[in-house]
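Numbering (UniProt numbering), first residue to last: 1 to 316. These notes are about the structure you will find just below.
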């Protein structure tokens, strides 16, 4: 591979619903690469038609410019990609990408990838969004009730609910830190290009999501691996806190997870009202995918992005 192949990052812009990776062209741009970097992840139609200024300049582009742009159409680039066009499971082939892997997963594919040859295994990788609240919200309610009942054995109902509320909120806040930490330091951990196993592990954890961000059946966490993680945390927290505190804290953290998965799904497939908080979060997360994947790790909140100085960009 060429020098710096491992560090190569896409520079994505959008025109009429199509993504273009203009990283290789940016240094040739007559207006300079700074202009294109400012437009990363944005719809560029108004700028190319000369209807909108960028860095104080307004310029109507020629037909030749549009033709040149077409060379960098991500869909065109991905035609012939054996991993994308394969009709068989590609999961155990992804490690062969080596130094191309990091760039490959950040060139989004508007479709779905088949991971396994087995239809049964393939179906286990796909989860519709409503499964998450259907399974976990009843558990949140049950543990919340148990917490209030346990607290009420030593105090009145009012204080029992107050104690439950306080520990529930602490649980939710703890989840938001867990969410940020997982996203930044686990999901965006960079695997060694020399290790096919590391690439495979990263692809399963998060690389697949960045490659196919609009695959609706792979946006929420499947219940079987989620149950394993919940079981591990159950053992840890139940041996750390007193029972009523554990029930309230655990319910809050589990509720935080459910809200995270629901918000994440909505940010990819919902249509929030302009200028609303959810609209800000949608653009914020969109920019994490298509503008700069090294910032903007918070999904349900930007709190920890502020704390750890990884604040991304919202609407312009």
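Virtual Cβ for every residue (Gly too), placed ideally from N, Cα, C. Keep in mind it's a predicted model, so treat the numbers as computed, not measured.
Boundaries (first-last residue) of the alpha helix (DSSP H) holding residue i
i	result
residue 78	74-78
residue 171	157-181
residue 133	131-151
residue 330	There is no way to answer for residue 330, as the model of the chain reaches only from 1 to 316.
residue 252	243-269
residue 41	No alpha helix (DSSP H) holds residue 41; DSSP gives it neither H nor E.
residue 24	Where residue 24 is concerned, there is no enclosing alpha helix (DSSP H), given that its DSSP letter is neither H nor E.
residue 211	208-211
residue 227	223-238
Within 8 Å, strictly: CB atoms of residue i and residue j
i	j	result
residue 158	residue 74	no
residue 54	residue 183	no
residue 172	residue 256	yes
residue 193	residue 202	no
residue 254	residue 224	no
residue 208	residue 113	yes
Chain-order list of residues whose beta-carbon lies under 6 Å from that of residue i (same chain, five-residue window excluded)
i	result
residue 144	251
residue 50	58, 59, 60
residue 295	310, 312
Euclidean distance between Cα positions of residue i and residue j
i	j	result
residue 35	residue 235	53 Å
residue 71	residue 78	12 Å
residue 291	residue 219	20 Å
residue 318	residue 315	The requested residue 318 does not occur in the structure, where the chain is confined to residues 1 to 316.
residue 48	residue 76	21 Å
residue 222	residue 164	29 Å
residue 169	residue 287	29 Å
residue 119	residue 66	42 Å
residue 125	residue 64	44 Å
residue 92	residue 167	43 Å
residue 160	residue 148	5 Å
residue 151	residue 247	10 Å
According to DSSP, residues forming a beta bridge with residue i
i	result
residue 18	15
residue 54	57
residue 273	Per DSSP, none; premise fails for residue 273.
residue 49	60
heavy atom of the ligand NAD below 7 Å from residue i C-beta
i	result
residue 73	Absent from the structure shown: the ligand NAD. Ligands present: none.
Cβ shell of residue i (< 7 Å), same chain only, five flanking positions each side left out
i	result
residue 177	304
residue 128	217
Sequence-distant residues of the same chain with beta carbon closer than 8 Å to residue i, five excluded per side
i	result
residue 42	13, 14, 291, 316
Test: residue i CB closer than 8 Å to a CB of chain D
i	result
residue 198	Here chain D cannot be found, since the structure has a single protein chain.
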